[in-house]
Structure formats: C-alpha cells, structure tokens
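Here the numbering used here is used: the first residue of the first sequence is 195, the next is one more, and so on.
Ideal Cβ placement from N, Cα and C applies to all residues, glycine included.
For clarity, every value in this text was computed on a predicted model and none was experimentally measured.
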Amino acid sequence: MEKEIKELLLKGGVEILGTQIEEEIIQFQKTRKDIDGDLTLVIFPFVKLLKTSPLEAGEKIGAFLKEHLEDIESYNVVSGFLNFTIADRHWLKQLNDVSKTENYGFRRPNSRPMLMVEYSSPNTNKPLHLGHLRNNFLGYSVAEILKAYGHEVIKTQIINDRGIHICKSMLAWEKFSPTDEKGERETPVNTGLKGDKLVGKYYVEFDKQLKKETTEILSAWEQGNFDNYPVEVVAEYQRLNASKEGKDEKAIAGIDAKMVDLAKNQTSLLQEAQEMLVKWEARDPQVYLLWTTMNGWVYDGFKQTYDAMGVDFDKLYFESDTFLLGKDIVAEGMKSGVFYQKEDGSVWIDLTEEGLDEKLVLRSDGTAVYMTQDVGTAVDRFHDYPKLTGIIYTVGNEQDYHFKVLFLILEKLGYEWADNCHHLSYGMVDLPTGKMKSREGTVVDADDLMAEVVSQAEEMTKERGHIEGFTTEEKNQLYQLIGMGGLKYYLLKVDPKKRMLFNPEESIELNGNTGPFIQYAHARIKSLLKKAGSYGALTETGLRAEEKEIIKHLVTFPSVVEEAAKNYSPAVIANYSYELVKLYNHFYQSVPILIEEDEELKNMRLVLSENVAKVIKLAMQLLGVQVPERM
RNA sequence: GGGCUCGUAGCUCAGCUGGAUAGAGCACCUCCCUUCUAAGGAGGCGGUCUCAGGUUCGAAUCCUGACGGGCUCACCA
195 MEKEIKELLL KGGVEILGTQ IEEEIIQFQK TRKDIDGDLT LVIFPFVKLL
245 KTSPLEAGEK IGAFLKEHLE DIESYNVVSG FLNFTIADRH WLKQLNDVSK
295 TENYGFRRPN SRPMLMVEYS SPNTNKPLHL GHLRNNFLGY SVAEILKAYG
345 HEVIKTQIIN DRGIHICKSM LAWEKFSPTD EKGERETPVN TGLKGDKLVG
395 KYYVEFDKQL KKETTEILSA WEQGNFDNYP VEVVAEYQRL NASKEGKDEK
445 AIAGIDAKMV DLAKNQTSLL QEAQEMLVKW EARDPQVYLL WTTMNGWVYD
495 GFKQTYDAMG VDFDKLYFES DTFLLGKDIV AEGMKSGVFY QKEDGSVWID
545 LTEEGLDEKL VLRSDGTAVY MTQDVGTAVD RFHDYPKLTG IIYTVGNEQD
595 YHFKVLFLIL EKLGYEWADN CHHLSYGMVD LPTGKMKSRE GTVVDADDLM
645 AEVVSQAEEM TKERGHIEGF TTEEKNQLYQ LIGMGGLKYY LLKVDPKKRM
695 LFNPEESIEL NGNTGPFIQY AHARIKSLLK KAGSYGALTE TGLRAEEKEI
745 IKHLVTFPSV VEEAAKNYSP AVIANYSYEL VKLYNHFYQS VPILIEEDEE
795 LKNMRLVLSE NVAKVIKLAM QLLGVQVPER M
C-alpha cells in the first residue's frame with residue numbers, strides 16, 4: 195500500500211500539486227491509536243512545497259489518492275497528518291499472501307553474497323561462562339538472520355589452542371595432579387569431570403602456585419636474599435625499591451606491580467612453562483602428545499556445552515594452524531610501503547592520520563603479534579572460500595579498537611572486502627553484584643546456568659503445564675526447550691551493543707517480555723487449531739480492529755528481518771515477536787474463535803491464528819529459540 | 001589525558017533514517033477463568049527522556065559542550 199501511494203505521488207506530483215515530488219519527503223508512519231485510520235502520511239514536508247496550510251495540502255493529497263486508489267476508503271487530516279482508512283479486502287488479501295508463503299519474510303536462500311560469521315572462539319583453558327552465552331547466542335542468531343535475508347552463511351570459530359597459557363595448564367596437570375592407585379593422573383574418565391572443567395581446574399591451579407612462588411621470591415628479596423638470581427634482575431629490583439622513596443601511594447602501587455612481575459618471571463614455574471612452549475613449537479613428541487590429549491578433553495567438554503546451547507559451526511579454525519599466517523603479508527606490505535621497520539627490526543603501521551596510533555605488527559625478534567595473525571587469518575579465509583565477500587566477527591566491545599585497526603590495515607593492504615568486514619561488538623554481561631570476575635569466583639558457569647534454567651522450567655511446567663500424556667522423554671525435551679528458550683530470549687532481546695544486566699531471577703521469569711511468554715502463545719494457538727480440525731479458506735469478511743492490527747503487524751515481518759540483518763540485531767526480531775504476541779493475546783481474549791457461529795468469520799480467525807503461529811515460529815527460529823506444540 | 005561507547009519510569013529495557021499526548025515488562029494496587037491453554041487479558045500508579053546550548057514548522061532522536069558510567073590506548077592474547 196505504501197509503495198502504491200508513493201508511486202502514485204511521484205508520478206502524479208506535477209499534475210495535482212503543480213510540482214515534482216521528491217521521494218524523501220514521502221514519509222509514512224503508523225496511525226495513532228486514538229485516531230481513525232490505518233496508515234498515516236506526514237504532510238509537513240509538503241507544506242513548504244505547496245505554500246499552503248497543512249490542512250489544505252492534506253486535503254488535496256488525500257482527495258487525489260482516494261480517487262486513484264480504490265482500497266482507500268476514506269481519509270482525514272489532523273494537524274498535519276493525513277490518515278487513510280484502508281478497505282478490509284486489502285488486509286484480507288495481505289493475510290492471504292502471508293498464508294500462501296511458507297517461509298514468510300525469508301528471502302530466497304543463497305540469493306545474496308556469502309558471508310562468514312565468526313563467534314564463540316573461546317580460550318581452551320577456561321570453561322564457558324555467561325559472557326560466552328551471549329556471544330554464542332548472538333553469533334548463531336545473526337547467522338540465522340543473515341541466512342533468512344538470503345545470504346549464504348558460513349558459521350565459524352577460531353579456537354585459541356596454543357600459546358603460553360595452554361602450557362600453563364599442561365604443566366600444572368603434570369606437576370600437581372594426584373595419581374590414583376594405578377599411577378594414573380586425573381582424567382575426565384577417572385574423575386567424571388567434564389574435560390574443559392578439568393583443564394580449567396589446572397589452569398587455576400597454575401595461577402595459585404605461581405602466586406605462591408612469586409610471593410616467596412619477593413619475601414626472600416625483601417630480606418636481602420638474592421642468591422641464584424641474575425645480577426640484572428637484582429639490580430632492577432633494587433632500583434625499583436629505591437625509587438619508592440618519597441612517592442605517593444598510587445605510584446608505589448605501580449612500582450609494586452612491577453616488582454611482582456619481576457619476581458614472577460623468576461619463578462621456576464613460569465620458566466618451565468616457557469620451556470614447554472619452546473618444545474611445543476619444536477613439535478616435541480611428548481609435549482605434543484600431552485597437548486593433543488588435553489585439548490581433546492576440552493573439545494569433548496565444549497561439544498557438550500555447544501549441544502546444550504543448540505549452536506553449531508560449519509568450519510573450525512585452530513590457532514595452532516594459523517598463528518604463523520600473516521607474516522608474509524607483512525613482508526609484502528613492507529614493500530608496498532604500508533608498513534615500515536624501526537631500527538630494532540620491529541615492524542609498524544602508522545595510523546595517526548586516521549586518528550589512531552602507531553601499531554606494531556611484527557616484534558623485533560620477527561615473531562607475530564595478535565594483529566598479524568588476524569590479518570593472516572582473514573586473508574586465509576578468503577582463499578578457503580572464493581565466494582566469500584565479508585566476515586562478521588562476534589567479539590566483545592573491549593576489542594573495538596583492535597578491530598578498527600584490523601579493518602583499516604586490511605583496507606590499506608588493498609583488500610576490497612575489507613569494507614564488508616564487521617565487528618559485531620557486544621557489551622559485557624553484568625551481574626546484580628557487579629562485574630563477573632574469575633578471581634573473585636563470581637563467574638557464572640554456562641553449564642551450571644543452563645542446567646539451572648532447565649530445572650526451573652521443569653518446576654514451572656509441572657505446576658501449570660498442559661502435558662498430560664507426555665512421555666518422560668517428551669517432558670524432558672519440553673523443559674529443555676522452555677528453559678533454553680527463556681535464557682536465549684533474555685540475552686538476545688537487548689540491543690547487542692549495550693552492556694546488559696543479568697538478573698538470575700528475571701532470566702527464568704515467564705511473564706512479560708520473555709521467551710516462555712512467546713512460546714506459550716504459540717502452544718496455545720496450536721492447541722486451538724488442533725481443536726478446530728479442518729477449516730475453510732479465506733473469504734471476504736469484515737475485520738475487527740483487533741484483527742486488522744495483527745495483519746498490519748504481520749506484513750511488516752519481511753522488513754523487520756531486513757532491518758535485523760542490516761543491523762546485525764536479534765533484538766529487533768525479539769521485539770517484533772513480543773509485539774505480535776501481545777496483539778494476538780489481546781485478540782484471543784476479546785474475540786471468539788471456535789465458538790464463532792459465522793463460519794466465514796471463524797475460518798478467517800483460524801487462518802489468522804495459524805499465520806501468527808507460523809510467524810512466531812519463524813521469528814523464534816531466527817533467535818535459535820524453539821517453540822512447543824503444547825506446554 | 002586521547003579515542004570509542006552508553007545515560008529514557010523505583011528496576012530491566014523498546015523507541016528505525018527528526019513527527020501527533022514518550023512506550024513495554026518487573027514491582028505495587030484493582031478487576032476478569034462454565035469462550036477456545038489464566039505461563040493469559042483489562043485497568044491504575046509511576047517521566048524535567050542526565051544537564052546546558054544550537055539547528056528545525058517540529059528534537060528522546062541530529063550538532064556542540066558539560067557531567068556521570070563502561071571499554072580501550074602493550075614487542076599480552
């Protein structure tokens with residue numbers, strides 16, 4: 195309808211208004227609830243053009259449109275707004291269109307260019323936590339949204355499986371894991387622990403032991419005991435110590451931190467970890483075996499968590515395979531003058547013209563930094579997928595600067611796809627008690643949280659569900675579906691870029707703007723349709739305001755999908771769904787359906803209900819939320 | 001200090017490229033289950049859209065500045 199009006203105005207502008215109409219001044223909006231009409235055209239922009247009063251201009255335009263469009267039944271002009279009332283048959287036709295289209299709102303698959311969505315990308319030393327849940331749900335959902343918008347999408351993650359931190363947990367396991375009667379150290383099998391949890395435990399253990407050894411060294415130094423330490427370290431310590439003289443508290447704290455670092459580097463533990471890294475890089479068989487084994491544990495553990503989350507990947511990248519990438523690109527970039535070398539051999543890029551800093555891309559010893567790898571990995575991916583046109587990185591907003599620099603470097607290197615790379619930056623998830631801090635043990639573990647939410651769903655369902663005749667398995671599936679649906683919806687309904695508060699109690703709430711609220715509406719419609727049995731097709735009937743409102747909202751779904759895709763925002767979908775369900779619930783409560791005696795009206799209401807259920811299901815699919823037939 | 005980002009009801013959040021009297025949920029208070037699933041619906045209470053300027057017929061929305069929160073500015077990853 196909007197399109198038709200727009201075309202008509204563009205074409206007929208000169209004829210009725212005596213002047214050409216520019217497309218930008220044609221602005222539609224929803225008609226206010228308390229005013230008659232289904233669609234509103236804003237008149238103000240025309241006023242200037244016509245040099246008449248808003249009322250006069252509105253009347254003129256209204257009369258013209260009514261004359262040419264038969265679906266416009268009437269119009270009125272209220273203080274600069276032209277409100278149209280549109281014929282019921284128009285809305286019924288729209289409903290019919292929705293009804294005939296199976297995946298309503300979705301574009302033809304693979305009708306748009308290929309994109310890659312990277313998400314999750316965890317550190318193998320740390321079990322997944324609440325923050326990862328937001329990351330995973332977001333990444334997965336955005337991938338689904340982009341698919342629905344027609345893009346071909348590759349879901350991927352890069353697994354951070356190498357580096358000094360990995361050696362830390364390996365070393366701690368070798369040194370501190372108790373052995374059982376068979377002489378075996380702890381494994382997921384003999385402890386019953388999830389692999390990622392077991393490895394995480396030793397990573398924590400490493401830190402604990404490291405801290406202990408560091409403190410010992412520091413206290414030895416304080417007592418003047420410097421045996422066995424390199425002279426330059428001792429000298430540095432004494433220099434730092436002397437520099438404390440006359441400084442304020444803050445400065446002293448800074449110096450203390452430096453002294454801690456100094457001592458830390460002298461610990462046998464850290465030195466052993468570094469030796470291990472060197473061995474790993476040299477592919478030492480023993481270290482490599484240990485590395486493979488422990489990583490295997492982690493992957494098994496992560497797999498369980500991913501399954502519970504309901505996310506998946508089309509392709510995995512491992513940092514151990516990619517950490518050397520990018521160095522040759524730097525070499526090329528040096529030739530073309532994008533990078534430059536300092537006297538000590540380190541390589542940099544100057545981004546000061548862009549308002550950023552100088553950024554290191556190769557250390558003076560020639561080794562790569564994070565940025566180098568990221569450049570290499572990106573280029574590598576475009577080799578792996580020749581059809582690829584862009585990458586979306588789902589990474590927390592603490593890396594905003596990093597990605598800004600990364601994209602700028604890629605652009606300067608002349609990759610035309612750099613423009614299509616996007617950092618899907620999301621805010622941290624806070625707890626009511628404040629920030630999550632692993633040191634303070636305030637991290638919310640992903641597995642624990644999911645289990646909690648599912649058991650909560652079980653409790654609620656037992657209390658008020660309609661699940662007579664369900665098998666145990668069906669019941670468990672339902673609990674899973676409701677619990678996870680609630681959690682996903684809770685984390686996705688907020689604009690990704692905003693920092694959000696995670697309130698454990700609210701996350702398992704079922705009233706209001708929640709997953710179960712939406713799921714419930716779906717189940718209720720399904721139950722209604724089941725009771726109705728078969729029913730006829732749409733015929734020309736009158737429409738109540740409640741029905742018209744639903745249809746109006748239904749038909750915006752395609753543009754909502756588009757908006758969500760363009761903004762990489764599942765929140766847009768969530769809010770749309772919530773609005774739809776509210777409209778439907780209102781209708782359901784105030785309009786008889788099955789007991790309606792007029793068959794045509796009953797049919798129409800059933801078709802309407804069916805399509806609301808359909809769109810709810812499609813929208814929830816985009817969030818990775820499943821909807822039940824009964825609950 | 002520089003850069004980025006956020007600031008809307010007691011709390012958690014919507015408000016798209018400027019449009020009519022700023023919306024939901026939670027919490028609190030009233031009502032509604034012999035009509036189809038009440039995990040629902042109807043209503044009430046609650047706002048100087050952080051502040052100050054500016055642009056405009058018109059600003060929560062755009063611009064500038066201030067204030068407040070967060071992130072970031074490593075030869076760490």
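- [ ] Can you tell me which of the three DSSP states SER558 falls into?
- [x] In the structure shown, SER558 adopts coil according to DSSP, grouped into three states.
Task: Continuous alpha helix (DSSP H) assignments of at least 4 residues falling wholly in the segment 220-264 - done: The qualifying runs are 238-244, 248-262.
Open item on the list: By the DSSP assignment, the alpha helix (DSSP H) with GLY845 in it spans what residues?
Closed with: The requested residue 845 does not occur in the structure, where the chain is confined to residues 195 to 825.
TODO: On a CA-only basis, which of VAL492, MET678, SER540, ARG477 is nearest ASP515? Give me that one, please.
DONE: Selected option, being the one with the closest Cα: ARG477.
Open item on the list: I'd like the list of long-range same chain contacts for ILE702, defined as Cβ closer than 7 Å, with 5 residues on each side in sequence excluded.
Closed with: Taking C-beta separations shorter than 7 Å and ignoring five residues to either side along the sequence, the partners of ILE702 in its chain run VAL647, GLN650, GLY680, following chain order.
TODO: Between the Cα of SER540 and those of ASP559, HIS617, LYS669, VAL532, spot the shortest distance and give me the residue it belongs to.
DONE: Ranking ASP559, HIS617, LYS669, VAL532 by Cα distance to SER540 puts ASP559 first.
Task: Boundaries of the beta strand (DSSP E) in which ILE411 is found, first to last residue - done: Here ILE411 belongs to no beta strand (DSSP E); instead the alpha helix (DSSP H) covers 389-416.
TODO: Apply the 10 Å Cβ neighbour rule to TYR683 and answer buried if 16 or more other Cβ atoms are within range, or exposed otherwise.
DONE: Classification for TYR683: buried.
Task: Cβ pair ASN330, SER305 closer than 8 Å - done: Between ASN330 and SER305, the gap from beta carbon to beta carbon reaches 8 Å or more.
Open item on the list: Let me check one thing: in DSSP terms, what residues is ILE353 bridge-paired to?
Closed with: In the DSSP assignment, ILE353 forms a beta bridge with PHE512.
Task: Identity of the residue in LEU607, THR571, VAL427 nearest SER530 by Cα - done: Measuring from the Cα of SER530, the nearest candidate turns out to be LEU607.
Task: Residues sharing a beta bridge with SER619, DSSP - done: Here SER619 is bridged, per DSSP, to VAL589.
- [ ] Mind checking which residues open and close the beta strand (DSSP E) that includes ASN707?
- [x] Per DSSP, ASN707 is not a residue of any beta strand (DSSP E), being assigned neither H nor E.
Open item on the list: Tell me the rounded alpha-carbon separation between GLU375 and PRO822.
Closed with: For the pair GLU375 and PRO822, the Cα-to-Cα distance works out to about 50 Å.
Task: Enclosing beta strand (DSSP E) for VAL272 [first to last residue] - done: VAL272: member of the beta strand (DSSP E) spanning 266-272, first to last residue.
TODO: Report yes or no: do three or more beta-carbon pairs, one from the segment 262-280 and one from the segment 720-729, lie closer than 8 Å?
DONE: When C-beta atoms of the segment 262-280 are compared with those of the segment 720-729, fewer than three pairs fall below 8 Å, so the two segments do not count as touching.
- [ ] Classify MET630 as helix, strand or coil using the three-state DSSP reduction.
- [x] MET630 carries a coil assignment under DSSP once its states are collapsed to helix, strand and coil.
Open item on the list: Please tell me whether ARG824 and ALA717 are closer than 8 Å, where the distance is taken between their beta carbons.
Closed with: Yes, they are a contact pair.
- [ ] Confirm, please, whether the CB-CB distance from VAL336 to LEU618 is below 8 Å.
- [x] Yes, the pair counts as a contact, with Cβ atoms nearer than the cut-off.
Task: Selected residue, minimal CA-CA separation from LYS581, among VAL573, ASP291, LEU518 - done: Relative to LYS581, the option among VAL573, ASP291, LEU518 whose CA is nearest is VAL573.
Open item on the list: To the nearest angstrom, how far is the alpha carbon of THR486 from that of GLU526?
Closed with: Their backbone Cα atoms lie some 34 Å apart in a straight line.
TODO: Measure the CB-CB distance between SER771 and ILE745 and report whether it falls below 8 Å.
DONE: The answer is no: Cβ separation not under 8 Å.
Task: Range of the contiguous alpha helix (DSSP H) that encloses GLU338 - done: Where GLU338 is concerned, the enclosing alpha helix (DSSP H) stretches over 324-342.
- [ ] Excluding the 5 residues preceding and the 5 following LYS452 in the sequence, name in chain order all residues of the same chain whose CB lies nearer than 7 Å to its CB.
- [x] Answer for LYS452: LEU434, listed in chain order.
Open item on the list: Counting C-beta neighbours from all protein chains within 10 Å, is the total for LYS349 16 or more, i.e. buried, or is it exposed?
Closed with: Counting Cβ neighbours within 10 Å, LYS349 comes out buried, since at least 16 surround it.
TODO: Quick one: using the 10 Å Cβ neighbour count with 16 as the cut-off for buried, is ALA715 buried or exposed?
DONE: Flag for ALA715 reads buried.
Task: Contiguous alpha helix (DSSP H) assignments of at least 4 residues, all confined to the segment 721-783 - done: Counting whole runs of 4 or more residues, the segment 721-783 contains the alpha helix (DSSP H) stretches 739-748, 751-761.
Task: Nearest-angstrom Cα separation, counted from HIS660 out to GLU740 - done: Cα to Cα, GLU740 sits roughly 27 Å from HIS660.
Open item on the list: Checking 8 Å against the spacing of the C-beta atoms, do LEU324 and MET630 come in under that value?
Closed with: Taking 8 Å as the Cβ cut-off, LEU324 and MET630 qualify as a contacting pair.
Open item on the list: Let's see if you can read the secondary structure: which residues bound the beta strand (DSSP E) around ARG306?
Closed with: Where ARG306 is concerned, the enclosing beta strand (DSSP E) stretches over 306-312.
Task: ARG379 in three-state terms, based on DSSP - done: Strand.
Open item on the list: Considering only the alpha carbon of each residue, which of GLU209, LYS395, LEU554 lies closest to LEU365?
Closed with: It is LYS395.
Task: Reduced DSSP category for HIS847 - H, G, I as helix; E, B as strand; rest coil - done: Past the edges of the chain, shown from 195 to 825, lies residue 847, and the structure says nothing about it.
Open item on the list: Quick check: the Cα distance between LYS311 and PHE222, rounded to an integer number of angstroms?
Closed with: Here residue 311 turns out to be Val, not Lys, going by the sequence shown. Going by C-alpha positions, VAL311 is about 34 Å away from PHE222.
TODO: Check whether the segment 377-390 touches the segment 492-501, counting contact only when three or more Cβ pairs, one atom from each stretch, lie closer than 8 Å.
DONE: Yes, they touch.
Task: Segment contact flag, the segment 412-430 with the segment 465-474, C-beta cutoff 8 Å, min 3 pairs - done: By the Cβ criterion, the segment 412-430 is not in contact with the segment 465-474, since fewer than three pairs of Cβ atoms, one from each stretch, lie closer than 8 Å.
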